[in-house]
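Heads up, the thing below is written out as structure tokens.
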Amino acid sequence: MTNLAIAANGLRKSYGDKVVLDGVDLNVPEGTIFSLLGPNGAGKTTAVKILSTLISADPASGAIRVGGHDLTTAPQAVRASIGVTGQFSAVDNLITGEENMLLMADLQHLPKREGHRTAAELLERFDLTDAARKPASTYSGGMKRRLDLAMTLVGNPRIIFLDEPTTGLDPRSRHNMWQIIRELVSDGVTVFLTTQYLEEADELADRIAVLNDGKIAAEGTAKELKRLIPGGHVRLRFTDPTSYQSAAFALHDATRDDESLSLQIPSDGSQRELRAILDRLDSATIEADELTVHTPDLDDVFFALTGGGANVPTQPKEAVR
Ligand SMILES: Nc1ncnc2c1ncn2[C@@H]1O[C@H](COP(=O)(O)OP(=O)(O)OP(=O)(O)O)[C@@H](O)[C@H]1O
Ligand SMILES: [Mg+2]
Numbered sequence: 001m002t003n004l005a006i007a008a009n010g011l012r013k014s015y016g017d018k019v020v021l022d023g024v025d026l027n028v029p030e031g032t033i034f035s036l037l038g039p040n041g042a043g044k045t046t047a048v049k050i051l052s053t054l055i056s057a058d059p060a061s062g063a064i065r066v067g068g069h070d071l072t073t074a075p076q077a078v079r080a081s082i083g084v085t086g087q088f089s090a091v092d093n094l095i096t097g098e099e100n101m102l103l104m105a106d107l108q109h110l111p112k113r114e115g116h117r118t119a120a121e122l123l124e125r126f127d128l129t130d131a132a133r134k135p136a137s138t139y140s141g142g143m144k145r146r147l148d149l150a151m152t153l154v155g156n157p158r159i160i161f162l163d164e165p166t167t168g169l170d171p172r173s174r175h176n177m178w179q180i181i182r183e184l185v186s187d188g189v190t191v192f193l194t195t196q197y198l199e200e201a202d203e204l205a206d207r208i209a210v211l212n213d214g215k216i217a218a219e220g221t222a223k224e225l226k227r228l229i230p231g232g233h234v235r236l237r238f239t240d241p242t243s244y245q246s247a248a249f250a251l252h253d254a255t256r257d258d259e260s261l262s263l264q265i266p267s268d269g270s271q272r273e274l275r276a277i278l279d280r281l282d283s284a285t286i287e288a289d290e291l292t293v294h295t296p297d298l299d300d301v302f303f304a305l306t307g308g309g310a311n312v313p314t315q316p317k318e319a320v321r
């Protein structure tokens, strides 16, 4: 059994009579990337703030352990093992990138020399050495985001919380950030990531949880979540009405669209199912003009689970909790 970097049971948080987190379980094995998805206001930042000791959970919550330490009885030990990059930048714009880094080193009580060494190393790693002596106010959004993450890594935390780390970044900067996150994880760091970009969760996360209405609406790997959503199909399009008619006859289980001369066959998109469809076409000597495979993506999952009135099962069958 692997150790859990984060283990929260029945996480609860209300503001007045507004229930934000209504009994949320979060279990993140060490050295993995966990992504919390959810619409605006779902409570992602609230969860990050609780797990990183910035605010407290409601007393009705169950046990919460981060880095093996109890959040209520050992918050200092939790703080010593984590780093947090908040949704809103922690960069001080009035001072330089280097000064921001040294400030973090001071907060972490690093000896002066070690602080300078760490700052220089991280600035180099995040490609900020040239800009290090310039005020952070002159940095681009992407540079500031990199500086933010560099500041989080001072003190070498084993668990890091990234609250929407790539919001507002261009595609190249986003891919660079993904690469950095992957490198951290290959060093054994655990990453708890919130994001609005489903592609990001799909790309990075070992496991994904979708938060909606204060509860985890579904949890699993990207693949498991996609399987919750029906609608995978193969579409065959024809230009010749006669071929279309014979194909419709040969594939009698297909849904017909007579107007566009296309057939839709339910399929999981696997090689085996595709081959079966092609074999049936071949044996009837029918050639389609176009064949496309449609598989549901995480966007479909997100819409189905967070749209309200979703009618999908709440847990993927294979999900291990
Ligand atoms: N200090 C507070 N006092 C009262 N309500 C709050 C407070 N902080 C957050 N909330 C409310 O809690 C809910 C969850 O907020 P939270 O910031 O956790 O959402 P989020 O999932 O991070 O959203 P986003 O995607 O927009 O960042 C929101 O309805 C918000 O208005
Ligand atoms: Mg947020």
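Residue 96 in UniProt numbering is what sits at position 96 of the sequence shown, and the numbering runs on without skipping anything.
Don't be surprised by glycine CBs; every beta carbon is placed ideally from N, CA and C.
Worksheet entry | Sufficient close CB pairs (3 or more, under 8 Å) joining the stretch 38 to 48 to the stretch 222 to 241 | no
Worksheet item: Between E200 and L102, what straight-line distance do the alpha-carbon atoms span, to the nearest angstrom?
Response: Within the model, the alpha-carbon separation for E200 versus L102 is close to 31 Å.
Fill in: Alpha carbon of A205 to alpha carbon of I286, nearest angstrom
42 Å
Discussion item. Excluding the 5 residues flanking K134 on each side, which residues of the same chain have their C-beta closer than 8 Å to its C-beta?
Written reply: T96, G97
Worksheet item: What are the complete beta strand (DSSP E) segments, minimum 3 residues, inside the stretch 154 to 205?
Response: 159 to 163, 190 to 194
Fill in: Which of helix, strand or coil DSSP assigns to L102
helix
Worksheet item: Per DSSP, G220 is paired with what?
Response: I208
Practice prompt. Just the C-alpha distance for P157 and L21, rounded to the nearest angstrom, thanks.
Written response: 26 Å
Practice prompt. Report the rounded CA-to-CA distance for A5 versus L305, giving the unit in angstroms.
Written response: Annotation: A5 to L305 spans about 27 Å, alpha carbon to alpha carbon.
Worksheet item: Exposed or buried, P165, counting other C-beta atoms within 10 Å across all chains shown (16 or more means buried)?
Response: buried
Worksheet item: With a cut-off of 8 Å, do at least 3 Cβ pairs link the stretch 114 to 127 to the stretch 144 to 158?
Response: yes
Practice prompt. Since I believe S35 is in contact with T195 (beta carbons under 8 Å), could you give me their beta-carbon distance rounded to a whole number of angstroms?
Written response: 6 Å
Item to complete: Identify the continuous alpha helix (DSSP H) that holds T45 and give its terminal residues.
Response: Start and end: 44 to 51.
Worksheet item: In three-state DSSP terms, what is P39?
Response: Coil.
Worksheet item: With respect to the alpha helix (DSSP H) encompassing D25, which residues constitute its N-terminal and C-terminal limits?
Response: Note, D25: premise wrong, no alpha helix (DSSP H); beta strand (DSSP E) at 18 to 29.
Worksheet item: On the three-pair Cβ rule with 8 Å, is the stretch 126 to 145 touching the stretch 167 to 174?
Response: yes
Item to complete: Report yes if the C-beta of T194 is less than 8 Å from at least one heavy atom of ligand 2; otherwise report no.
Response: Flag set: Cβ of T194 near ligand 2.
Worksheet entry | Inter-stretch contact at 8 Å, needing at least 3 Cβ pairs: the stretch 45 to 57 / the stretch 241 to 249 | no
Worksheet item: Cβ-heavy atom distance between T96 and ligand 1 below 8 Å?
Response: no
Worksheet item: Using a threshold of 8 Å, is the CB atom of T85 nearer than that to any non-hydrogen atom of ligand 2?
Response: no
Worksheet item: Can you tell me whether DSSP reads residue 330 as helix, strand or coil?
Response: Outside the displayed span of the chain (1 to 321) sits residue 330, for which this structure offers no information.
Discussion item. Run the Cβ filter for me: residues under 6 Å from any heavy atom of ligand 1, listed in the order they occur in the chain.
Written reply: Y15, V20, G38, N40, G41, A42, G43, K44, T45, T46, Q87
Worksheet item: In chain order, what residues of the same chain have a beta carbon less than 7 Å from the beta carbon of R79, not counting five sequence neighbours either side?
Response: T53
Discussion item. Per the DSSP calculation, L236 is bridged to which residue(s)?
Written reply: DSSP output for L236 lists L263, L291 as bridge partner(s).
Worksheet entry | Neighbour-count burial assignment, P313, 16 or more Cβ in a 10 Å radius | Note that P313 scores a pLDDT of 43, beneath 50, so its modelled location is shaky and nothing firm can be said.
Worksheet item: Under the DSSP definition of a beta bridge, which residues are partnered with A8?
Response: L26, I64
Worksheet item: With distances taken between CB atoms, is the gap from L153 to G86 smaller than 9 Å?
Response: no
Discussion item. Quick check on F161: buried or exposed, where buried means 16 or more other Cβ atoms within 10 Å of its Cβ?
Written reply: buried
Item to complete: Give the DSSP-derived three-state secondary structure of T96 in the structure shown.
Response: Of the three classes helix, strand and coil, the one that applies to T96 here is strand, per DSSP.
Item to complete: State the DSSP-derived secondary structure class of I33, mapped to helix, strand or coil.
Response: strand
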